[in-house]
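One structure is given here, and the rest of the page talks about it.
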Amino acid sequence: MTYKFKFRPYRRRFVRSLATSHGIWDIREGIILSLSDEVGSGWGEIAPISWFGSETLEQALDFCRQLPEEITVETIFSIPDKLSACQFGFESALEGLGSRDSCTDAINRVSTYSGLLPAGEAALEQWQTLWQQGYRTFKWKIGVNAIAHELKIFELLTHALPTSAKLRLDANGGLSYEEANLWLWTCDNLRANQESSPEIEFIEQPLPVDRLQEMLELNMCYATPIALDESVATLKQLEYCFQQGWRDIFVIKPGILGSPSRLRKFCQQHKIDAVFSSVFETAIGRQAALQLAAELSQHKRAIGFGINHFFEQEEIWLQSLWKDL
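Those letters in the sequence shown? Residues 1 to 325, per UniProt numbering, in order.
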């Protein structure tokens, strides 16, 4: 079976720059692709984040450019692991050929969303807007500014948030071991007074990827859970961390993790506590990721796709891309 293959790169500017411990992110770049046969078309998205663990955009473009105008299933399933975002994009498009589910169908099968707050003091205002939109779980970036400053903002934020809210802290691997201990100790103290403060659900990736053993140790010493994120950016890394004994929370970013079919097999076999999360993809990649989240989420945690406020509305923008595909 062969499929006609087309692709087109895109660039989207964030409404506000995204600040993480990796730096400032202003523009989201990726690739929209289509596969078609005599019955219809399937759409996929390649949205790499090279500093997170996937291939670069240029590597993804090089791969697409060297493909012929017609490709086979064998071509899709032979994409190497080093092109994890390409694996996701091509398999998603192939699955889309056999499914007529809309993005709304996928959204309706997922329970709740976590809203992403901006780093720093801006979070003190942004949470109110998101709360009015229905969000009850929030993620706040830490490890961006000096820890003393962030702890002061954290105190203000936890006093401002309703007690029914949940808060996730995302360090993007930007803390030292001492800073991670201080954050976990602070969160444990807050958890001890749960009646008067929001729930601190977990701290996400406090230490760099190469310090898994220390995160395993920290996870045993504190009541506040740790979630792995950058450490499990690809399927190979996910399998490695599981083999090393990680049994707490895994943050899964389908858009860069790799093959959806292999991810399904892993999650169904091991029943991991997974939080599915966005890579700031368009509605095309988001639909495929949400369908995986709906299918594979075991613990009914809020999924990390509350990021629409970082972009302008995309419907007209996407329509202009589709004209050429």
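The beta carbon of each residue, even a glycine, is placed where N, CA and C say it ideally should be.
The structure presented is a predicted model; accordingly, all values stated were derived computationally and were not measured.
Assigned with DSSP and collapsed to three states, residue 25 falls in strand. Around the beta carbon of residue 189, fewer than 16 other beta carbons lie within 10 angstroms, which makes this residue exposed. For residue 191, there is no enclosing beta strand (DSSP E); the enclosing alpha helix (DSSP H) has its first and last residue at 177-191. Collapsing the DSSP output to three states places residue 135 in coil.
Comparing alpha carbon positions, the residue from 274, 197, 164 and 225 closest to residue 154 is 197.
For residue 279, there is no enclosing alpha helix (DSSP H), since its DSSP letter is neither H nor E. Per DSSP, reduced to three states, the secondary structure at residue 52 is helical. Proximity to residue 27 across 36, 17, 112 and 124 peaks at 17, based on C-alpha coordinates. Ranked by how close their Cα comes to the Cα of residue 222, the residues 184, 228 and 255 have 184 in first place. Ranked by Cα distance from residue 247, the options 284, 300, 215 and 90 are led by 215. If you look at residue 226, you'll find it in the beta strand (DSSP E) that goes 226-228. Note on residue 24: under 16 other CB atoms within 10 angstroms of its CB, so exposed under the neighbour-count rule. Between the alpha carbons of residue 290 and residue 85 lies a distance of about 16 Å.
Leaving aside the five residues that flank residue 72 on each side, the residues in its chain whose CB is nearer than 7 Å to its CB run, in chain order, 1 and 2.
Annotation: the continuous beta strand (DSSP E) that includes residue 16 extends over 2-20. Per the C-alpha coordinates, the member of 144, 143, 182 and 122 positioned closest to residue 157 is 122. Here residue 65 carries a helix assignment [DSSP, helix/strand/coil].
Counting of Cβ neighbours within 10 angstroms places residue 282 among the buried residues, the total reaching 16 or more. Across the set 149, 206, 191 and 113, the C-alpha of 206 shows the shortest separation from the C-alpha of residue 177. Note on residue 245: under 16 other CB atoms within 10 angstroms of its CB, so exposed under the neighbour-count rule. Unbroken alpha helix (DSSP H) stretches of 4 residues or longer found wholly inside the segment 218-276: 235-243, 254-257 and 260-270, given in chain order. When 307, 219 and 250 are compared, the shortest CA-CA separation from residue 267 is found for 250. The beta-bridge partner set that DSSP reports for residue 32 consists of 8 and 45.
Minimum Cα-Cα distance from residue 117 among the listed residues 306, 313 and 311 corresponds to 306. Taken atom to atom, the span from the alpha-carbon of residue 57 to that of residue 257 is near 15 Å.
As the crow flies, the alpha-carbon of residue 242 is around 11 Å from that of residue 231. Contact between residue 272 and residue 113 does not hold, since the beta-carbon distance rounds to 20 Å and is not under 8 Å. Sequence-distant partners of residue 219 (beyond 5 residues in either direction) whose C-beta falls short of 6 Å from its own C-beta, in its chain, are 226 and 248.
The residues 31, 33 and 64, in chain order, have a CB closer than 6 Å to that of residue 7 in the same chain once the five nearest residues on each side in sequence are set aside.
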